[in-house]
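In the UniProt record's numbering, the protein residues as written are 1 to 394.
If you want it as structure tokens, here you go:
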């Protein structure tokens, strides 16, 4: 969700899509030599991909909405022709942070009351239609879902739900919603499933989502809902994004139809957001551990995140050592652009040197600002303890 009081949002620049000219006749295809045929196959594959993307978007977009409250906005989608809409609970009632970052957030945490939320919100369709929607209830037990109801409608476009358990790692997925600002409604991105949590089915994927995408659908290639987008790692999109699986969504819808939902949000803290520890450049040793419950990078390795404040020209040494895993360190700079904040990788290391598999980054920081460390392993699925130390040299 985009919250006007607390928002610090990141943007990843989307790639430009270039149009390619296809092969129009069988004769043209058969007349190509091997090199040209290889090119034509890529053209046809690109054309096929574009066609799939358009089909999914055209099928899904009429059923996706922007959910507006007095303090911000999120996304949602219609599940019944008479106006039932699914979104995230935190879109309607944002919970306080575990660690408030400023006085406004601290005050919100002190006075937080889950029973105080808007009873009516505004939903906006991609064609510009606006409706008032009643907040009908929330997920129980901390489930980050809410159900809304538009009244007086009978023929709204809806999104079908996929079969629970049908989503697999590697599947192509599509995200649709309203990131950052309401003017970006109907933003469509794609990626792949990178991990499915074996304990609760939570879907991890790399389709770009940002604040405001919360509550929007994660779709498969048939335009079916396989999840509800909830969050990305930290406040900057690093390709690690998470969705509530359709199995939980389906159960919630059944409960909502029976009016067996919570009257208030059961989210009391933002436990869904992976923690990113703040460290200081004083040489203090931090003991960490990569486990199967950690967030996973696209290469299948588990990862922890750290951040620190640095100065331009400051010489830093970051070390990661372990007897259990082969450590890898990556250092990112948080940079400002006309489009907002972005993560720029400025250094990476997986070995100190020949025969030493511990990782070390030594460099002069390029600017003042916030820097982000990813600590992971070289090999997929490695788990074990490690030590991390960051120091500033004169």
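Glycine residues also receive a C-beta, built at the ideal position from the N, C-alpha and C atoms.
How would you label residue 280, buried or exposed, when you count the other beta carbons within 10 angstroms and need 16 or more for buried?
exposed
Taking all protein chains shown into account, decide if residue 285 is buried (16 or more other Cβ within 10 angstroms of its Cβ) or exposed.
exposed
With the cut-off set at 7 angstroms, would you say residue 209 and residue 175 are in Cβ contact?
Taking 7 angstroms as the Cβ cut-off, residue 209 and residue 175 qualify as a contacting pair.
Using beta-carbon positions only, say whether residue 89 and residue 218 come within less than 7 angstroms of one another.
No, the pair does not count as a contact, with Cβ atoms beyond the cut-off.
Thinking residue 439 and residue 122 are a contact (beta carbons under 8 angstroms), I'd like their distance in whole angstroms, please.
This structure gives no information on residue 439, because the portion of the chain shown stretches from 1 to 394.
Going by beta-carbon coordinates alone, are residue 303 and residue 361 separated by less than 7 angstroms?
no
Does the structure place the region 363-380 close enough to the region 315-326 that three or more beta carbon pairs sit under 8 angstroms?
yes
Taking residue 73 and residue 189 to be in contact with their CB atoms under 8 angstroms, please state how far apart those CB atoms are, rounded to whole angstroms.
With a Cβ gap of about 18 angstroms, residue 73 and residue 189 do not count as contacting.
Answer yes or no: does any C-beta atom of chain D fall closer than 7 angstroms to that of residue 135?
Looking at the structure shown, chain D is missing, and only one protein chain is on hand.
Could you tell me which of 151, 345, 140 sits nearest to residue 133, measuring between CA atoms?
151
Looking only at its own chain, which residues have a Cβ that is under 8 angstroms from the Cβ of residue 35, when we skip the five neighbours before and after it?
Any reading at residue 35 must be qualified, since the residue scores a pLDDT of 44, below 50, and its modelled position is unreliable; the value itself is stated next. Cβ within range, chain order: n/a, list empty.
Determine whether the beta carbon atoms of residue 139 and residue 252 lie at a separation below 7 angstroms.
yes
What residue range does the beta strand (DSSP E) around residue 247 cover?
From DSSP, residue 247 is part of no beta strand (DSSP E) but of the alpha helix (DSSP H) over 246-257.
Can you tell me whether residue 115 is helix, strand or coil according to DSSP?
Here residue 115 sits in coil by DSSP.
Mark residue 163 as exposed unless 16 or more other C-beta atoms lie within 10 angstroms of its C-beta, in which case mark it buried.
Flag for residue 163 reads exposed.
Looking at the structure shown, is residue 92 part of a helix, part of a strand, or coil, going by DSSP?
If DSSP states are grouped into helix, strand and coil, residue 92 belongs with the helices.
Quick check: the region 69-87 against the region 107-123, are at least 3 beta-carbon pairs closer than 8 angstroms?
yes
By the DSSP assignment, the alpha helix (DSSP H) with residue 167 in it spans what residues?
Per DSSP, residue 167 lies in no alpha helix (DSSP H) segment and is marked neither H nor E.
Under 7 angstroms, do residue 145 and residue 83 count as touching if we go by C-beta distance?
no
Going by C-alpha to C-alpha distance, which of 200, 297, 108 sits closest to residue 240?
297
Quick one: grab the DSSP three-state call for residue 357.
coil
Please report the Cβ distance between residue 159 and residue 77, rounded to the nearest whole angstrom; I am assuming they are in contact, meaning their Cβ atoms lie under 8 angstroms.
5 angstroms
Give every residue of the same chain whose Cβ lies closer than 8 angstroms to the Cβ of residue 366, excluding the five residues on either side of it in the sequence, and list them in chain order.
The residues are 312, 333, 346.
So, using beta-carbon positions, are residue 206 and residue 229 closer together than 7 angstroms?
no
Given the structure, does residue 205 come close to the ligand FAD, in the sense that its CB is under 6 angstroms from one of the ligand's heavy atoms?
The ligand FAD is not among the ligands present in this structure, which contains no ligands whatsoever.
In the DSSP output, what is residue 344 paired with across the bridge?
333
Can you give me the C-alpha to C-alpha distance between residue 258 and residue 148, rounded to a whole angstrom?
Each residue's alpha carbon lies about 14 angstroms from the other.
Let me make sure I understand the geometry here. Which of 392, 349, 220 has the alpha-carbon closest to that of residue 52?
220
Please check the pair residue 315 and residue 392, which I expect to be a contact at CB under 8 angstroms, by giving their CB distance rounded to whole angstroms.
7 angstroms
Can you tell me whether residue 65 is buried or exposed? The criterion is at least 16 other CB atoms within 10 Å of its CB, across all chains shown.
Burial of residue 65 is indicated by the presence of at least 16 other C-beta atoms within 10 angstroms of its C-beta.
Only counting the same chain, and skipping five residues up and downstream in sequence, which positions put a Cβ closer than 6 angstroms to that of residue 385?
289, 324
Using the Cα positions of residue 86 and residue 107, report the straight-line distance between them to the nearest angstrom.
29 angstroms
Here's a check: name, in chain order, each residue in its chain whose Cβ is nearer than 6 angstroms to the Cβ of residue 245, leaving out the five neighbours to either side.
201, 203, 227
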